[in-house]
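Peer 1:
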């Protein structure tokens, strides 16, 4: 061997990498003896066609040396030899050509034993470690942008004072060891960390890693910087992630509610209190749409502009808005979330009772809601801006249509409150005994005994695509079971091959209203006050309010209407053609058989008020106080 050069060409190696092992391996094909002699490895300048003994590349770094002898005879056959290159790490990492020279350790040797021959090609085996990938922001708990994400004027804000911190972390060397990630938070104005934590031994795969705030002191309102950095077992350190964010605990100012010109209501302002009220003596609930303008009261300074509004239409003044809303949140119960492009918008509502309350809250990007408690992480029932709308409550004249029982269903006398309360005849207590108070002047109910039984109308009672109300006195002999087979159907308006709407007892024994939006889709509102009492009378009422997109439900043992349970119903309900029947006591297919009694069933194409659900029952009483009419009040 004189001097042998091996040149490897490619792209520049990652200069941030740390070489753990770099070794040149080549086949020694011939040696002048089996006596090992020294060979040195060098990193040199590049070689080319102009390289000669007298024009050799510059020697840069000697990397290794060793005594080898392979290829002389069967006693020392040809074989691979290797040389360490780590001494030239800095050169190798910053070059796209690696040139390695092998030379005799003692080029002045005259014994002739130093001569060797190597194959024309070799290989470099490199083990290296690169720095972990720099963490990237994933989220800060309940954080939101005040504008376009990453926009020049947009801020990332949260109202959580002990937020969970989440960053995307990982290591470019996926087959390397697990990594460690250090999180910290400092004030944007400067100073040391006011929070820090370490995630040990997490996967090098790119993933989201969350850290709880723990026992560190809560943040106050202000501007902060979230920082994160990753470390690997080989000493690799990632770039530092810095992400500015703000904690905002100041709720937007209460919004305004203003009338809209041309609306059906009359506006009255009390000159003493300044309270504005709205009234419409010409229309009842469901008859008219009422527009209102809601607008943002923007207070400049640190207080954020309201992102949007939450509004609720109810008969109650004290309602609690939902938690964790944003501009993408769907309606929930009676609450609707709207986000106008500007500072105001017009909403359209309908009356839900003789007295209807419109409640409006403003919320900002941080999640602060008008009137909420800044020390609480969730929305509270705050100081909503409200408007009261009073509408007409006419005395309704309704018709009882025939309801023919078949199978194990029949009309029976029941115990009610006697002829001195002939209009009401409220059933009380147990429904097991059919006590006759006065001959021929009794309340009449449908009784469904075990086995197939139902009662039907000859035609449609309501078109379920419009407003409707449904009610009945119900006394079940059994409820619950927890399975689909446990559902009991009370009153069902058909809409072709599927129901349009059905008043039911759910699988766990509570009453519910189900309204179908398609063949296999429906909206359901469930009574949340518990199961219907077995063997006892309960008055069940429900409403579909198309204007407000609400399903409302109530069940009371005493017969009065109290709080409604409300569910949002954004999609249109299936229409029911005029030929579609009403089935009482079982489902459209004959299943969901109800056992017990149903008294004074009502299904009418109107939104009934609390009072009307009671007074409308006089239509069941015959002139002269004889037995109640047998049928469905339409």
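In this note's numbering, the protein residues as written are 56 to 689. Glycine included, every Cβ here is placed at the ideal spot set by N, Cα and C. Values in this document were obtained by computation on a predicted structure and should not be read as measured data.
Where residue 194 and residue 310 are concerned, what is the direct C-alpha to C-alpha distance, given to the nearest angstrom?
Peer 2: Working through the chain shown from its first residue, we reach residue 194 at position 139. Working through the chain shown from its first residue, we reach residue 310 at position 255. Residue 194 and residue 310: Cα-Cα distance of roughly 29 Å.
Peer 1: Once the 5 residues before and after residue 601 are set aside, which same chain residues still bring their CB inside 7 Å of it?
Peer 2: Counted from its first residue, the chain shown places residue 601 at position 546. So the qualifying residues of the chain are 521 and 522.
Peer 1: What does the Cβ neighbour count give for residue 402, buried or exposed, with the cut at 16 atoms within 10 Å?
Peer 2: Against the chain shown, residue 402 aligns to sequence position 347. A residue is called buried when at least 16 other Cβ atoms come within 10 angstroms of its Cβ; residue 402 meets this threshold and is buried.
Peer 1: Work out the CA separation of residue 192 and residue 260 for me, nearest whole Å.
Peer 2: Walking along the chain shown from the start, residue 260 turns up at place 205. Walking along the chain shown from the start, residue 192 turns up at place 137. Roughly 16 Å between the two C-alpha positions.
Peer 1: On the DSSP letters alone, give me the boundaries of the beta strand (DSSP E) that residue 448 sits inside.
Peer 2: The residue labelled residue 448 in the question sits at position 393 within the chain shown. Where residue 448 is concerned, there is no enclosing beta strand (DSSP E), given that its DSSP letter is neither H nor E.
Peer 1: From the DSSP output, in three-state form, read off residue 433 for me.
Peer 2: Indexing the chain shown from 1 puts residue 433 at position 378. For residue 433, the pLDDT reaches just 44, beneath the cut-off of 50, and the residue's location in the model is therefore unreliable, although a value from the coordinates is still provided. Under the three-state reduction of DSSP output, residue 433 falls in the coil class, being neither helix nor strand.
Peer 1: Where residue 418 and residue 665 are concerned, what is the direct C-alpha to C-alpha distance, given to the nearest angstrom?
Peer 2: Within the chain shown, numbered from 1, the residue matching residue 418 stands at position 363. Within the chain shown, numbered from 1, the residue matching residue 665 stands at position 610. When only Cα atoms are considered, residue 418 and residue 665 end up about 32 Å apart.
Peer 1: Quick one: what's got a C-beta closer than 6 Å to residue 499's C-beta in the same chain, skipping five residues either side?
Peer 2: Stepping through the chain shown from its first residue, residue 499 is reached at position 444. Here the set comprises 466, 682, 683 and 685.
Peer 1: List the whole-angstrom C-beta distance separating residue 99 from residue 82, where the pair is believed to meet the contact cut-off of C-beta under 8 Å.
Peer 2: Against the chain shown, residue 99 aligns to sequence position 44. Against the chain shown, residue 82 aligns to sequence position 27. Rounded, the Cβ-Cβ distance is 21 Å, inconsistent with contact.
Peer 1: Once DSSP output is grouped into helix, strand and coil, what is the label at residue 676?
Peer 2: For this step, residue 676 is matched to residue 621 along the chain shown. Three-state DSSP puts residue 676 in coil, outside helix and strand.
Peer 1: In three-state DSSP terms, what is residue 648?
Peer 2: For the purposes of this step, residue 648 is taken as residue 593 along the chain shown, with counting starting at 1. Coil, per DSSP.
Peer 1: Restricting to Cα atoms, I'd like to know which of 274, 276 and 295 is closest to residue 223.
Peer 2: Start at 1 with the first residue of the chain shown, and residue 223 comes out as number 168. Checking every option, the nearest Cα to that of residue 223 belongs to 295.
Peer 1: Determine the direct distance from the alpha carbon of residue 141 to that of residue 181, and round the result to whole angstroms.
Peer 2: Position 126 of the chain shown holds residue 181. Position 86 of the chain shown holds residue 141. Those two C-alpha atoms are separated by around 10 Å.
Peer 1: Can you give me the C-alpha to C-alpha distance between residue 364 and residue 440, rounded to a whole angstrom?
Peer 2: To locate residue 364, count along the chain shown from 1; it is residue 309. To locate residue 440, count along the chain shown from 1; it is residue 385. If I take the Cα positions, the gap works out to 11 Å.
Peer 1: Assuming residue 157 and residue 236 form a contact by the criterion Cβ under 8 Å, report the distance between their Cβ atoms to the nearest whole angstrom.
Peer 2: Your numbering for residue 157 matches position 102 in the chain shown. Your numbering for residue 236 matches position 181 in the chain shown. Rounded, the Cβ-Cβ distance is 44 Å, inconsistent with contact.
Peer 1: Taking contact to mean at least 3 C-beta pairs separated by less than 8 Å, is the stretch 370-379 in contact with the stretch 269-276?
Peer 2: no
Peer 1: What are the uninterrupted segments assigned as beta strand (DSSP E) that are 3 or more residues long and contained completely in the stretch 519-568, given in chain order?
Peer 2: Listed in chain order, they are 523-531, 543-549 and 554-560.
Peer 1: Could you tell me the distance, in whole angstroms, from the CA atom of residue 176 to the CA atom of residue 238?
Peer 2: Position 121 of the chain shown holds residue 176. Position 183 of the chain shown holds residue 238. Computed Cα separation, rounded: 49 Å.
Peer 1: Express the C-alpha separation of residue 108 and residue 78 in angstroms, rounding to a whole number.
Peer 2: One-based indexing of the chain shown puts residue 78 at position 23. One-based indexing of the chain shown puts residue 108 at position 53. Taking the straight line from one Cα to the other gives about 26 Å.
Peer 1: What is the DSSP secondary structure of residue 119, counted as helix, strand or coil?
Peer 2: Locating residue 119 in the chain shown gives position 64, where the first residue counts as 1. DSSP places residue 119 in strand when its eight states are reduced to three.
Peer 1: Could you check where the beta strand (DSSP E) with residue 62 kicks off and where it finishes?
Peer 2: To locate residue 62, count along the chain shown from 1; it is residue 7. Where residue 62 is concerned, the enclosing beta strand (DSSP E) stretches over 58-64.
Peer 1: Between residue 152 and residue 136, is the Cβ-Cβ spacing less than 8 Å?
Peer 2: Counted from its first residue, the chain shown places residue 152 at position 97. Counted from its first residue, the chain shown places residue 136 at position 81. No; because the gap between Cβ atoms is not below 8 Å, this pair is not in contact.
Peer 1: Kindly list the residues whose CB is nearer than 8 Å to the CB of residue 268, restricted to its own chain and excluding five residues on each side of it in sequence; keep chain order.
Peer 2: What you label residue 268 is simply residue 213 of the chain shown in a count that begins at 1. Closer than 8 Å at the Cβ level, and outside the excluded window around residue 268, lie 217, 218, 219, 220 and 250.
Peer 1: Please classify residue 205: is it buried, with 16 or more other beta-carbons within 10 angstroms of its beta-carbon, or exposed?
Peer 2: The residue you call residue 205 lines up with position 150 of the chain shown. Answer is exposed; the Cβ neighbour count stays below 16.
Peer 1: Tell me whether residue 444, by its Cβ, gets closer than 7 Å to a heavy atom of the ligand SAH.
Peer 2: You won't find the ligand SAH in this model; it holds no ligand whatsoever.
Peer 1: Within its chain, find whatever has a CB closer than 7 Å to the CB of residue 420; leave out the 5 residues flanking it on each side and keep chain order.
Peer 2: Position 365 of the chain shown, counting from 1, holds the residue named residue 420. Around residue 420: 199, 200, 201, 212, 359 and 362.
Peer 1: Assuming residue 146 is part of the alpha helix (DSSP H), what are its boundary residues?
Peer 2: Here residue 146 refers to the residue found at position 91 of the chain shown. Residues 144-148.
Peer 1: Opposite residue 138 in the DSSP bridges: which residues?
Peer 2: One-based indexing of the chain shown puts residue 138 at position 83. Partner(s): 79.
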